[in-house]
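Protein chains in written order, with our numbering: chain A, 85 to 234; chain B, 85 to 234; chain C, 3 to 87; chain D, 3 to 87.
Glycine is no exception: its CB is placed at the ideal position from the N, C-alpha and C atoms.
A short worksheet on the structure shown next.
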């Protein structure tokens, strides 16, 4: 399941809902991304996430479908927020549940790595040195490249 | 922080408590282990986790300390339950929070892998074919061996 | 043809959305970008370095040789930066 | 010397805890296990295959050549199986 929303989410409730009644699940791995108060030496007052409505949902659904093709998942979830967020606020939640923990770890890791390089979101940082659009990080491309099948 | 307890835990509340006010955190990775309803072809009615009070706490604290030596973690947590648990119930929670997501993923993965081969817990399955002590799985030794420094 | 701009491409172009009618010679993404550059100094500035420009046609990522037609929704944006740190 | 047994070693020995006074010749874990085997058919059965027996002295994992003394807490148990599937 995927959701793109302005509002915050309740991690415990999302995990509960995703796993309720599914007794084949041995492990659930979650990733929560938060707004940090520092970036490249500048102090962050807030960041604003812009996205491409429509394409975002299509891309996230495709990324989730790919994870389900690669690993035997009992359940999966991506929630990504947009709008203005302050340090400490949640940006993204990725969940993967599987009978076995290795599959859950790999799928969750894959989901966030691919999301970062494929989902059409852009971050504008509001820092003590002014506003700045975040540049893509080559490390994220490298992280995503691990999952490209040879 | 580590806790060994009979009672269930609230994943959302634990994550909230662990990360509250720490604005250097970019990523939180959690692993939740659940009781499955099937094991080796047998249907599980319940499983009982026995442990070695005292040594369990010492081992978990040592495993957590090792993760903190290896990765730059802002916070970490292990909660492991004991006693009788039914399918779908939570057994274990492992959390790792770090400025960067790779460190959080690796540390969380390390914590559960090492816990499985080092923390003195034993599982007795109550199945439709009778009671059975779970045997150690060579795959868990292999998973833990990945983290042994050469 | 509907063009959408996002992030700093939007601010440099000065508009989130444009309806354009490129000349008949514009048949693919590369041709479209070359033509868009001529529309204003802001456009020229936005498309100066195409290595940091990505394009989606009808919400699918495409390469510069992908065809474009009058009914397409073309989105132009920098490399994405979602997720967290 | 206090001996603790866990999991199926506890059920085979038939006891979770014993206070024992091994003969003076028992100086290490290997010697202790050999001596414990002689205490009952249950003990003999429990320690039949030492490849699935682990030992902790004073709550620390040890190897068979680790010394044991009268004041030690010795725990004997199968390979651990915590966590989830």
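Query: Which residues of chain C have a Cβ atom closer than 9 Å to the Cβ of residue 98 (chain A), listed in chain order?; Result: Per Cβ cutoff of 9 Å: no residues; residue 98 (chain A) is ~17 Å from chain C at best.
Query: Quick one: what's residue 45 (chain D) bridged to in DSSP?; Result: DSSP, once it has assigned bridges, lists no residue as partnering residue 45 (chain D).
Query: Could you check the C-alpha separation between residue 175 (chain A) and residue 148 (chain A) for me, to the nearest Å?; Result: 18 Å
Query: Quick check: the segment 168-186 of chain A against the segment 122-135 of chain A, are there 3 or more CB pairs under 8 Å?; Result: yes
Query: When the distance is taken between beta carbons, is residue 228 (chain A) closer than 9 Å to residue 207 (chain A)?; Result: no
Query: CB-CB under 7 Å to residue 202 (chain B), same chain, minus the five flanking residues each way: which ones, in chain order?; Result: 143, 147
Query: Taking 9 Å as the CB-CB cut-off, is residue 64 (chain C) touching chain A?; Result: no
Query: How long is the line joining the alpha carbons of residue 211 (chain A) and residue 14 (chain C), rounded to whole angstroms?; Result: 20 Å
Query: Can you check which of these residues, C:65, C:83, C:67, C:58, is closest to residue 7 (chain C) by C-alpha distance?; Result: C:58
Query: For residue 48 (chain C), which residues in the same chain have their Cβ closer than 6 Å to its Cβ, ignoring the five residues on either side in sequence?; Result: 11, 14, 15
Query: By DSSP's criteria, residue 90 (chain B) is part of a beta bridge. Which residues make up the other side?; Result: BP columns for residue 90 (chain B) are empty, so no partner.
Query: Which term fits residue 21 (chain C), buried or exposed, when burial requires 16 or more other beta carbons within 10 angstroms of its beta carbon?; Result: exposed
Query: At the level of alpha carbons, what is the spacing between residue 225 (chain A) and residue 86 (chain B)?; Result: 35 Å
Query: Which residues in chain A sit within 7 Å of residue 41 (chain B), going by Cβ to Cβ distance?; Result: Since the first and last residues shown for chain B are 85 and 234, residue 41 (chain B) lies out of range.
Query: Could you give the DSSP three-state label for residue 197 (chain A): helix, strand or coil?; Result: helix
Query: Count the other C-beta atoms from every protein chain shown that fall within 10 angstroms of the C-beta of residue 84 (chain C), then say buried if there are 16 or more, exposed otherwise.; Result: buried
Query: Would you say residue 165 (chain A) and residue 93 (chain A) are within 9 Å of each other, going by their C-beta atoms?; Result: yes
Query: So residue 159 (chain A) and residue 113 (chain A) are supposed to be a Cβ contact under 8 Å. How far apart are they, rounded?; Result: Rounded, the Cβ-Cβ distance is 11 Å, inconsistent with contact.
Query: Jot down the residue ranges of each uninterrupted beta strand (DSSP E) in the segment 26-83 of chain D, minimum 3 residues, whole runs only, in chain order.; Result: 56-59, 62-64, 75-79
Query: Can you tell me whether DSSP reads residue 189 (chain B) as helix, strand or coil?; Result: helix
Query: Identify every run of the beta strand (DSSP E) within the segment 129-178 of chain A, keeping only runs that are complete inside it and at least 3 residues long; order them along the chain.; Result: 159-165, 167-169
Query: Measuring alpha carbon to alpha carbon, tell me which of C:32, C:4, C:28 ends up nearest residue 64 (chain C).; Result: C:32
Query: Determine whether the Cβ of residue 9 (chain D) lies closer than 9 Å to any Cβ atom of chain B.; Result: yes
Query: Which bits of chain A does residue 201 (chain B) rub up against, with CB to CB less than 9 Å?; Result: Under the 9 Å cutoff, chain A gives no residues; its nearest Cβ is about 13 Å from residue 201 (chain B).
Query: As a quick exercise: from A:216, A:137, A:194, A:127, pick the residue whose alpha carbon is nearest that of residue 161 (chain A).; Result: A:194
Query: Which chain A residues are close to residue 48 (chain C), counting only those with a beta carbon under 9 Å from its beta carbon?; Result: The premise fails here: residue 48 (chain C) is roughly 12 Å from chain A at the closest Cβ pair, so nothing lies under 9 Å.
Query: Could you say which of C:86, C:68, C:73 lies nearest to residue 35 (chain C) if we only look at CA atoms?; Result: C:68
Query: Which of the three DSSP states, helix, strand or coil, is assigned to residue 116 (chain A)?; Result: strand
Query: Helix or strand or just coil, what does DSSP make of residue 111 (chain A)?; Result: strand
Query: Determine, for residue 43 (chain C), whether the minimum Cβ-Cβ distance to residues of chain A falls below 9 Å.; Result: no
Query: Which of the three DSSP states, helix, strand or coil, is assigned to residue 216 (chain A)?; Result: strand
Query: For residue 211 (chain B), which beta-bridge partners are listed by DSSP?; Result: B:128, B:214
Query: Spatial neighbours of residue 188 (chain B) within its chain, please: C-beta separation below 7 Å, excluding the five flanking residues on both sides.; Result: 111, 112, 113, 180, 181, 182
Query: Give a yes or no on whether the minimum CB-CB distance between residue 35 (chain C) and chain A is below 9 Å.; Result: no
Query: Taking only the alpha-carbon atoms, compute the straight-line gap between residue 220 (chain B) and residue 209 (chain A) and give it to the nearest angstrom.; Result: 49 Å
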